[in-house]
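Colleague: One structure, as structure tokens, below. Some questions next.
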Amino acid sequence: MTAAGTTSTGQPRYQLDVFRAVAALSVAMFHAYQFNRREQWPLEGTFWHDVILATDLFVAMFFLLSGFLLGLPIMRASLGAGPLRPSKAFLIKRFARLVPTYYLVVLLVWSLTNVELPGHWQDLVLHLTFTQVYSDEYIFWTNGPAWSLANEMHYYLLLAVLAGPAHALCARLATRRARIGVLVGGVAALVAVSVGYKLVAWLVWQRPQESWSTWFGPLAKLDVFALGMLVAIGAAAGVRVNGRWVRLGVAVAGAGVVVLGESSPRPFQHTVLAIGAGMIIAAAVITDGPVPRLLSWRPLVAVGLSSYSIYLWHEPLLRFLSHVGLDPFAGTAAGFVCTTVLLMIVVIPVGQFSYRFIERTGMKLAAAFDARGRPREYYPEVTVRG
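Position in the sequence shown (first residue = 1) + 6 = the numbering used here.
In structure tokens, the structure reads:
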């Protein structure tokens, strides 16, 4: 076990890169399995078939972690533990980090698959504007996993809009308890809106499973993002999961909830998984005690740092491996294993390269703006005294 670190402001630094790594690699493995589907799934009828299908749910981990990490500074500021970062600065940092890699992947894949212009230009426009999640036809085109980033962009804008009013309202309240109540109530309202929307779509509109924009759009996954914000409120308010047996009990209970996620009604599988994953994360890192050593294991941390790039590149690389014939025994259990191994061998270094030279370059560009989102003055005007 190792102790959690702190930021330059003295706030806890939560070691979450391994969770990102698990989510990215699990989703990549699921798509390798999906890629080997022919008349039936390679392992259909076995226990492992159900296990591998369940790994698709781990995409919810990204929404949960985003809600937690991006909501945490807002919750801390609203509870009086520091200034609120301006929304402009927040959006510049997020866009500079994520958009360059996203645009590169989308433009490259679209160009290679639309060799005769104008091609499916509607698909390109939707992907470049992060609005493919409103189209049943194009939501998974060009790069299927990109739908989740389109949702994330919606959530970033939502945070930018809500952060200021939430902070201002909390500043008017006299007690810390009242501030916490406002924050919890606001996040609970987001969860309720999302869950209510899915209930109506399921029971009233009776939307089919193939109505992709209904079940994968921003409103359908908002509850998962908001649950991450709820965990952030607890962490900012000083809630800690302490004691070895308490932490173990919370983690085991969370794992049980995760297992229940696969057997839950389909519209709420990600919701249930997020609740369980939130409990596991809280037990692992939101504590005053040491955190598991696994969370600081360098190979997995490195994968976690590049998890965004791995997530975006893995489907195009799957298609490339198939195009060049590197998918032996396709459609069989052996084919699935071969595809998965080959994909990991390729996508992890590609993800590392993409992180180092594209994502980090974007972060350096973001550094050209100050804490208020204004361009930095590198050459201040010098007053010459006569």
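We put the beta carbon where it would ideally sit given N, CA and C, even for glycine. None of these values were measured; they are calculated from a predicted model.
Would you kindly work out how many angstroms separate the C-alpha atoms of leucine 179 and alanine 257, rounded to a whole number?
Modeller: Between leucine 179 and alanine 257, the C-alpha separation is close to 35 Å.
Colleague: Exposed or buried, what is isoleucine 351 when buried is set at 16 or more other beta-carbons lying within 10 Å of its beta-carbon?
Modeller: exposed
Colleague: Could you tell me the alpha carbon to alpha carbon distance between valine 353 and glycine 223, rounded to whole angstroms?
Modeller: 27 Å
Colleague: What are the complete alpha helix (DSSP H) segments, minimum 4 residues, inside the segment 140-207?
Modeller: 152-177 and 182-205
Colleague: For leucine 97 and tyrosine 162, which I take to be in contact (beta-carbon distance under 8 Å), what is that distance rounded to the nearest angstrom?
Modeller: 6 Å
Colleague: What does a CB cutoff of less than 7 Å around glutamate 158 pick up in its chain, not counting 5 residues either side in sequence?
Modeller: Ser72
Colleague: Can alanine 27 and serine 313 be called in contact, C-beta distance under 8 Å?
Modeller: yes
Colleague: Give me the Cβ distance between glycine 240 and glycine 260, rounded to the nearest whole Å; I'm assuming they're in contact under 8 Å.
Modeller: Actually they are not in contact, since the Cβ atoms of glycine 240 and glycine 260 sit about 14 Å apart, beyond 8 Å.
Colleague: Return the bridge partner residues of phenylalanine 68 from the DSSP annotation.
Modeller: BP columns for phenylalanine 68 are empty, so no partner.
Colleague: In or out: glutamate 383 buried (at least 16 other Cβ within 10 Å) or exposed?
Modeller: exposed
Colleague: Once the 5 residues before and after phenylalanine 136 are set aside, which same chain residues still bring their CB inside 8 Å of it?
Modeller: Within the same chain, Leu155, Ala156, Met159 and His160 come within 8 Å of phenylalanine 136 by CB-CB distance, once the 5 residues on both sides are set aside.
Colleague: If contacts are defined as beta-carbon pairs under 8 Å, then alanine 280 and leucine 233 qualify, I think. What distance do you get, rounded to the angstrom?
Modeller: 5 Å
Colleague: Looking only at its chain, what residues have a beta carbon closer than 6 Å to the beta carbon of alanine 9, apart from the 5 residues adjacent to it on each side?
Modeller: Summary for alanine 9: the model assigns pLDDT 48, below 50, so the residue's position carries little reliability; its value from the coordinates is reported in the next sentence. Cβ contact annotation for alanine 9 (same chain, cutoff 6 Å, sequence separation greater than five): Pro296, in chain order.
Colleague: Tell me, to the nearest whole angstrom, how far the beta carbon of phenylalanine 74 is from that of alanine 238; I am working on the premise that it is less than 8 Å.
Modeller: 5 Å
Colleague: By alpha-carbon positions, which one of Ala374, Gly192, His173 and Val245 ends up nearest to proline 89?
Modeller: Of the candidates Ala374, Gly192, His173 and Val245, the one whose C-alpha sits nearest the C-alpha of proline 89 is His173.
Colleague: Can you tell me the Cα-Cα spacing of alanine 152 and proline 48, whole angstroms?
Modeller: 25 Å
Colleague: Hey, how far is the Cα of histidine 37 from the Cα of arginine 366?
Modeller: Looking at the two C-alpha atoms, the distance is approximately 27 Å.
Colleague: Using beta-carbon positions only, say whether phenylalanine 146 and threonine 345 come within less than 8 Å of one another.
Modeller: no
Colleague: Going along the chain, which residues of its own chain have a beta-carbon closer than 6 Å to the beta-carbon of proline 273, five neighbours each way excluded?
Modeller: Lys204 and Trp208
Colleague: Taking the CB atoms as reference points, tell me whether leucine 348 and leucine 327 lie closer together than 8 Å.
Modeller: yes
Colleague: By a C-beta neighbour count over all protein chains shown, 10 Å radius and 16 as the cutoff for buried, is alanine 66 buried or exposed?
Modeller: buried
Colleague: So the alpha helix (DSSP H) phenylalanine 116 belongs to, where does it begin and stop?
Modeller: Phenylalanine is not the amino acid found at residue 116; the sequence shown has tryptophan there. Taken as a continuous stretch (DSSP letters only), the alpha helix (DSSP H) holding tryptophan 116 covers 93-119.
Colleague: If we count the other Cβ atoms within 10 Å of its Cβ and call it buried at 16 or more, is methionine 7 buried or exposed?
Modeller: Reliability of the predicted coordinates at methionine 7 is poor, the pLDDT of 49 falling under 50, and the value obtained from them is presented with this limitation in mind. So methionine 7 ends up on the exposed side.
Colleague: Which runs of the alpha helix (DSSP H) spanning at least 4 residues fall entirely within the segment 261-335, listed in chain order?
Modeller: 275-291, 304-311 and 313-329
Colleague: If tryptophan 116 sits next to leucine 130, beta carbons under 8 Å apart, how far is it from one beta carbon to the other, in whole angstroms?
Modeller: Yes, tryptophan 116 and leucine 130 are in contact; Cβ-Cβ is about 5 Å, under 8 Å.
Colleague: Can you tell which of Ala195, Asp294, Glu216 and Thr277 has its C-alpha closest to the C-alpha of glycine 249?
Modeller: Asp294
Colleague: Please state the DSSP three-state secondary structure of phenylalanine 136.
Modeller: Assignment of phenylalanine 136 by DSSP, reduced to helix, strand and coil, places it in the coil class.
Colleague: Pull up the distance between the alpha-carbon of asparagine 149 and that of leucine 134, whole angstroms please.
Modeller: Rounded to the nearest angstrom, the gap between the Cα atoms of asparagine 149 and leucine 134 is 12 Å.
Colleague: State the DSSP-derived secondary structure class of proline 355, mapped to helix, strand or coil.
Modeller: helix
Colleague: Look at glycine 86 and methionine 235 and say whether their C-beta atoms are less than 8 Å apart.
Modeller: no
Colleague: I'd like the span of the alpha helix (DSSP H) that includes aspartate 376, first residue to last.
Modeller: Taken as a continuous stretch (DSSP letters only), aspartate 376 belongs to no alpha helix (DSSP H), as it is neither H nor E.
Colleague: Taking 7 Å as the limit between beta carbons, can you name the residues of its chain near serine 217, skipping five residues before and five after?
Modeller: Asp142
Colleague: So, for alanine 83: in the same chain, excluding its five sequence neighbours on each side, which residues have a beta-carbon less than 7 Å away from its beta-carbon?
Modeller: Pro89, Leu90 and His173
Colleague: Tell me which residue opens and which closes the alpha helix (DSSP H) that aspartate 23 is part of.
Modeller: 23-41
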